[in-house]
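S.K.: For the sequence shown, numbering that gives the first Met the number 0 gives the first residue as 0, with consecutive numbering after it.
Just so it is clear, CB atoms sit at the ideal spot from N, CA and C, and this is done for glycine as well.
Input: one structure, supplied below.
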Amino acid sequence: MDRRTRHRIASLYDSHLQRCYVRSKLASDPVYAATAALITGSPLPLLDIGCGIGLLGQYLHAQGHRQPYLGLDHDLRKIAAGRIAAQRAGLDTMMSLQHADVAELPPMHGHVALLDVLHYLPAERQPALLQAAIRHLAPQGCLIIRNVLREPNWRFHATRIEEFFLRASGWIPGGAQHYPTADELRAPLENAGLDVRIEPLRGHTPFNSYLIVARPHY
Numbered sequence: 000m001d002r003r004t005r006h007r008i009a010s011l012y013d014s015h016l017q018r019c020y021v022r023s024k025l026a027s028d029p030v031y032a033a034t035a036a037l038i039t040g041s042p043l044p045l046l047d048i049g050c051g052i053g054l055l056g057q058y059l060h061a062q063g064h065r066q067p068y069l070g071l072d073h074d075l076r077k078i079a080a081g082r083i084a085a086q087r088a089g090l091d092t093m094m095s096l097q098h099a100d101v102a103e104l105p106p107m108h109g110h111v112a113l114l115d116v117l118h119y120l121p122a123e124r125q126p127a128l129l130q131a132a133i134r135h136l137a138p139q140g141c142l143i144i145r146n147v148l149r150e151p152n153w154r155f156h157a158t159r160i161e162e163f164f165l166r167a168s169g170w171i172p173g174g175a176q177h178y179p180t181a182d183e184l185r186a187p188l189e190n191a192g193l194d195v196r197i198e199p200l201r202g203h204t205p206f207n208s209y210l211i212v213a214r215p216h217y
């Protein structure tokens, strides 16, 4: 995404901190382009669980994607900011943001995104969220997960330091609860009959982030 588009999207948000966050994320985080590549050419809607301020929806629209987008988040502040940005961009009919908990997922089937969400839940709640996401996959849908994985390396420790500051800033109330291992994610997905691919997705960041892509097995 070019600099002009990044700044245009950032200008849709009121807070100076949010505008800085948007510019930085769009410039350095590869997860948006990776998600767009996985759903390109598909007419299926996208359910974005833990959507925050709706940045994925803004990115997809700017890149020419016109599939319906539904973002859900339990943080009312972020949903409010995302709705204002969507209205200013004229995306009210294509991009919907709703305040909801993972136990209140709508009856929607398509692609599902869980980007940097799982580790903010306790270990015992993560399998339930994965199962809920799987239930909302269409037969031709793709479950797209980006998450930090627990590994004994410097990237994982750098991630923990970053999460400490996120919690201290109030951006993520409660902070990280449990970082899953690759096996903790792979097992429930494969047991549900999905083909699973796990690969690093770090971009220009020091964090121990991975892309997990799961599709129904045929």
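Distance check for H60 and A167, CA to CA, integer angstroms please.
M.R.: In this predicted model, A167 has a pLDDT of only 46, less than 50, meaning its place in the structure is not dependable enough to derive any value.
S.K.: Could you check the C-alpha separation between A132 and R185 for me, to the nearest Å?
M.R.: A132 and R185: Cα-Cα distance of roughly 14 Å.
S.K.: By how many angstroms is the C-alpha of H73 removed from the C-alpha of V101?
M.R.: Roughly 8 Å between the two C-alpha positions.
S.K.: In the DSSP output, which residue or residues are listed as bridge partners for L71?
M.R.: Per DSSP, I48 and Q97.
S.K.: Hey, is L136 close to the ligand COA, as in C-beta under 7 Å from one of its heavy atoms?
M.R.: Here there are no bound small molecules, and the ligand COA is not part of this structure.
S.K.: With H, G and I counted as helix, E and B as strand and the rest as coil, what does DSSP make of N146?
M.R.: Strand, per DSSP.
S.K.: Considering only residues of the same chain and omitting the five flanking positions on each side of A33, which have a CB-CB separation below 7 Å?
M.R.: Taken in chain order, the residues that qualify are L200 and L210.
S.K.: Under a three-way DSSP split, which group does E198 fall into?
M.R.: Strand, per DSSP.
S.K.: Mind checking which residues open and close the alpha helix (DSSP H) that includes R124?
M.R.: That residue, R124, is in no alpha helix (DSSP H); it is neither H nor E in DSSP.
S.K.: Do G140 and P29 have their CB atoms nearer than 8 Å?
M.R.: Their beta carbons are not under 8 Å apart, which means G140 does not touch P29 by this criterion.
S.K.: Just curious, the alpha helix (DSSP H) that L265 is in, first and last residue?
M.R.: What the structure shows of the chain is the stretch from 0 to 217, and residue 265 is not part of that stretch, so it cannot be assessed.
S.K.: State yes or no: is the C-beta of Q125 within less than 8 Å of the C-beta of A84?
M.R.: No.
S.K.: Taking I78 and H64 to be in contact with their CB atoms under 8 Å, please state how far apart those CB atoms are, rounded to whole angstroms.
M.R.: About 21 Å; that fails the 8 Å criterion.
S.K.: Is P187 helix, strand or coil by DSSP?
M.R.: If DSSP states are grouped into helix, strand and coil, P187 belongs with the helices.
S.K.: Indicate the three-state DSSP secondary structure (helix, strand or coil) for L117 in the structure shown.
M.R.: Of the three classes helix, strand and coil, the one that applies to L117 here is helix, per DSSP.
S.K.: Which whole-angstrom value describes the C-beta separation of H135 and S41, a residue pair presumed to lie in contact below a C-beta threshold of 8 Å?
M.R.: Not quite, the Cβ-Cβ distance comes to about 15 Å (not below 8 Å), so this is no contact.
S.K.: Looking at the unbroken beta strand (DSSP E) that takes in R214, where does it start and where does it end?
M.R.: Its beta strand (DSSP E) spans residues S208 to P215.
S.K.: If you draw a straight line from the alpha carbon of L193 to that of A213, how long is it in whole angstroms?
M.R.: Each residue's alpha carbon lies about 6 Å from the other.
S.K.: Please say whether G53 and G70 have beta carbons closer to each other than 8 Å?
M.R.: Yes.
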